[in-house]
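Asks: Have a look at this one.
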Amino acid sequence: MTRQRMGDDGVPGPAVAKFYKQRATDGGLLIAEATNISASARGYYGAPGLFTPEQVEGWKSVTAAVHGEGGKIFNQLWHTGRISHPLNLPGGAQPVSASATNMDGVQSLATTVEGRLPHPNPRALEIDEIPGIVEDYKRAAENALEAGFDGVELHAANGYLLEQFLLNGTNLRTDKYGGSPENRSRIVFEAIEAILSSVDSSKVGIRLSPFGTAFGCTDSNPREIYDYVVKRLNDYDLAYLHMVEPRGMQQPAPDAPAGGVTSIYRELYKGVMISASGYDGAEARKVVEDGTTDLVAFARDFISNPDLVERIRTGTELTPVDWQTVYVPLDASYEKGYTDYPFHAEKTSAQAFT
């Protein structure tokens, strides 16, 4: 999850390395928070990047900390598209998207150095700008491996740029990047193929969120576009497909399948599948055991439970999240609500002396 602990330069510091080290387990996979592929991809003040030498060096301490605990870690490659603000972009640029779709009805505020501000309406990307963004994905993937990551995840979900292209509520283009499912998904597959030109497919995953409506991104026929994308992903032998269930904070579409999406796309995708969004330990165990998915990802419970894996294994009560400290205020300590949540053993020991 995005935690905004990187400051203006997007460089991970000691607190970030400590956070990931706390949550690493022997043999476990961590997927790092969404990471900007370029300065023009940035939508949130304080989010990390992977496009400068300083950012690459900063991430090296994070990956080393995770590997020291026996864990693996992928980076999540991110372009926020219209979910941005001129204060977050070089030269005060206007945010970009597939089309110049209105942001007025979106219930969200941009996180900037001046506080939380309304999102302006974006401009449509010119067709000759798109190859540069594809190249940014490739370069960021290469930088991720240089920084010590075990792989990368292409973030094509949750209302950000790649999903803005996928869905016909935000993609009104009439060129080769708009219209049919093949055209709307073109940038996604161009990004995949660019990354695979220098990174082995076993080190590349992708995240999708069918039937979600994050940041006002909708589609008139979600099954059509996502069936097309998932079937075509079988051609690439990726490390995994990471599916976000449309529930809870993911703002499900009115026509979202009552039983969720993982089981639907399990039938279409032949590789390893990860399912996420709102799972508890018991449900996670069930969907893995019955074959609905291969793996389950956790985010919110991991915020306040650095030893979440052990707590789920033993059935130990979880520490609730302090939502006031999830996204750090500009003048607050990076550690508060980040690295100061206790492990269960620490909490038990402290209670014994009270």
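First residue of the sequence shown: 10, per my numbering; consecutive thereafter.
C-beta: ideal position from N, C-alpha, C; glycine also.
Can you name, in chain order, every residue of its own chain whose Cβ lies under 6 Å from the Cβ of Gly-269, other than the five neighbours on each side?
Replies: These residues qualify, in order along the chain: Glu-254.
Asks: State the CB to CB distance for the pair Arg-216 and Ala-165, rounded to an integer number of angstroms; the pair is presumed to be in contact (CB under 8 Å).
Replies: Their Cβ separation, rounded to whole angstroms, is 6 Å, which keeps Arg-216 and Ala-165 in contact under 8 Å.
Asks: Quick one, which of Val-105, Pro-263, Gly-157 has its alpha-carbon nearest His-76's?
Replies: For the residues Val-105, Pro-263, Gly-157, the minimum Cα distance to His-76 belongs to Gly-157.
Asks: Could you compute how far the alpha carbon of Ala-119 sits from the alpha carbon of Met-252?
Replies: Roughly 25 Å separates the two Cα atoms.
Asks: Drop a sphere of 10 angstroms on the beta-carbon of Ser-358, count the other beta-carbons inside from all chains shown, and report buried for 16 or more, exposed for fewer.
Replies: Because Ser-358 sits at a pLDDT of 46, beneath the cut-off of 50, its placement in the model cannot be relied upon, and the point is left open.
Asks: What are the boundary residues of the beta strand (DSSP E) that Tyr-249 is part of?
Replies: Note, Tyr-249: beta strand (DSSP E), 249 to 253.
Asks: List the DSSP bridge partners of Gly-58.
Replies: BP columns for Gly-58 point to Asn-45.
Asks: Which same chain residues end up closer than 6 Å to Val-305 when comparing Cβ atoms and leaving out the 5 residues on each side of it in sequence?
Replies: Answer for Val-305: Ser-284, Tyr-288, Ala-293, listed in chain order.
Asks: Where does Lys-27 land, buried or exposed, given buried means 16+ other C-beta within 10 angstroms?
Replies: Counting Cβ neighbours within 10 Å, Lys-27 comes out buried, since at least 16 surround it.
Asks: Please confirm if the stretch 21 to 39 is in contact with the stretch 111 to 118, defined as three or more CB-CB distances below 8 Å between the two stretches.
Replies: As far as the Cβ criterion goes, the stretch 21 to 39 does not touch the stretch 111 to 118, which means the pair count is below three.
Asks: Put Thr-348 into one of helix, strand or coil per three-state DSSP.
Replies: Reduced to three states, the DSSP call for Thr-348 is coil.
Asks: On the three-pair Cβ rule with 8 Å, is the stretch 269 to 281 touching the stretch 188 to 196?
Replies: No: fewer than three Cβ pairs fall under 8 Å.
Asks: Can you find the residues in the same chain that come closer than 6 Å, C-beta to C-beta, to Ser-211, ignoring five residues on each side of it along the sequence?
Replies: Excluding positions up to five away in sequence, the list reads Ala-248.
Asks: Does the distance from the CB of Asp-246 to the CB of Gly-280 come in under 9 Å?
Replies: Taking 9 Å as the Cβ cut-off, Asp-246 and Gly-280 qualify as a contacting pair.
Asks: What is the rounded straight-line gap between the Cα of Ala-262 and the Cα of Arg-32?
Replies: Taking the straight line from one Cα to the other gives about 32 Å.
Asks: Look at the alpha carbon of Arg-309 and the alpha carbon of Pro-129, and state the distance between them as a whole number of angstroms.
Replies: In a straight line, the C-alpha of Arg-309 is about 29 Å away from that of Pro-129.
Asks: Enumerate in chain order the residues of its own chain whose CB-to-CB distance from Leu-317 is below 8 Å, with the five nearest sequence positions on each side excluded.
Replies: Hits under 8 Å: Arg-32, Phe-307, Asp-310, Phe-311, Leu-327.
Asks: Could you pull the DSSP bridge partners for Ala-308 from this structure?
Replies: Note: Ala-308 sits in no beta bridge, so no partner.
Asks: Give every residue of the same chain whose Cβ lies closer than 8 Å to the Cβ of Asp-264, excluding the five residues on either side of it in the sequence, and list them in chain order.
Replies: Same-chain partners within the cutoff: Phe-220, Pro-231.
Asks: In its own chain, which residues sit with a C-beta less than 7 Å from the C-beta of Ala-361, not counting the 5 before and 5 after it?
Replies: Model confidence at Ala-361 stands at a pLDDT of 42, short of 50, so the residue's coordinates are unreliable and nothing is read from them.
Asks: With distances taken from CA atoms, which of Ala-24, Val-297, Ile-82 is nearest Gly-36?
Replies: Nearest option by C-alpha distance: Ile-82.
Asks: Within 10 Å of its beta-carbon, does Asp-184 have 16 or more other beta-carbons around it, so buried, or fewer, so exposed?
Replies: By the 10 Å Cβ count, Asp-184 comes out exposed.
Asks: Below 8 Å CB to CB, which residues in the same chain sit around Cys-226 once its five sequence neighbours on both sides are set aside?
Replies: Here the set comprises Gly-168, Glu-172, Gln-173, Leu-176, Gly-178, Thr-179.
Asks: Would DSSP call Gly-19 helix, strand or coil?
Replies: Gly-19 falls in the coil class under three-state DSSP.
Asks: Does the Cβ of Ala-354 have 16 or more other Cβ atoms within 10 Å, making it buried, or fewer, making it exposed?
Replies: Exposed, because fewer than 16 other Cβ atoms sit within 10 Å of the Cβ of Ala-354.
Asks: May I ask which residues mark the beginning and end of the alpha helix (DSSP H) holding Ser-272?
Replies: 271 to 275 is the span of the alpha helix (DSSP H), which, as asked, contains Ser-272.
Asks: Who pairs with Ile-283 in a beta bridge, going by DSSP?
Replies: According to DSSP, Ile-283 bridges with His-251, Leu-304.
Asks: Based on DSSP bridge pairs, tell me the residues matched to Trp-87.
Replies: Its beta-bridge partners are Asn-45.
Asks: Looking at Arg-182: is its Cβ nearer than 9 Å to the Cβ of Ser-108?
Replies: Cβ atoms of Arg-182 and Ser-108: closer than 9 Å.
Asks: Are the Cβ atoms of Arg-91 and Pro-104 separated by less than 9 Å?
Replies: Cβ atoms of Arg-91 and Pro-104: closer than 9 Å.
Asks: Please report the distance separating the alpha-carbon of Asn-111 from that of Ala-133.
Replies: Taking the straight line joining both Cα atoms gives about 11 Å.
Asks: For His-88 and Leu-170, I'd like the C-alpha separation in whole angstroms.
Replies: Looking at the two C-alpha atoms, the distance is approximately 6 Å.
Asks: Where does Ala-26 fall in DSSP's three states?
Replies: It is helical.
Asks: Skipping 5 residues on each side, what residues in its chain have a beta carbon closer than 6 Å to that of Gly-67?
Replies: Val-20, Pro-21, listed in sequence order.
Asks: Given that a residue counts as buried once 16 or more other Cβ atoms are within 10 Å of its Cβ, and exposed if not, what is Val-122?
Replies: It is exposed - the Cβ of Val-122 has fewer than 16 other Cβ atoms within 10 Å.
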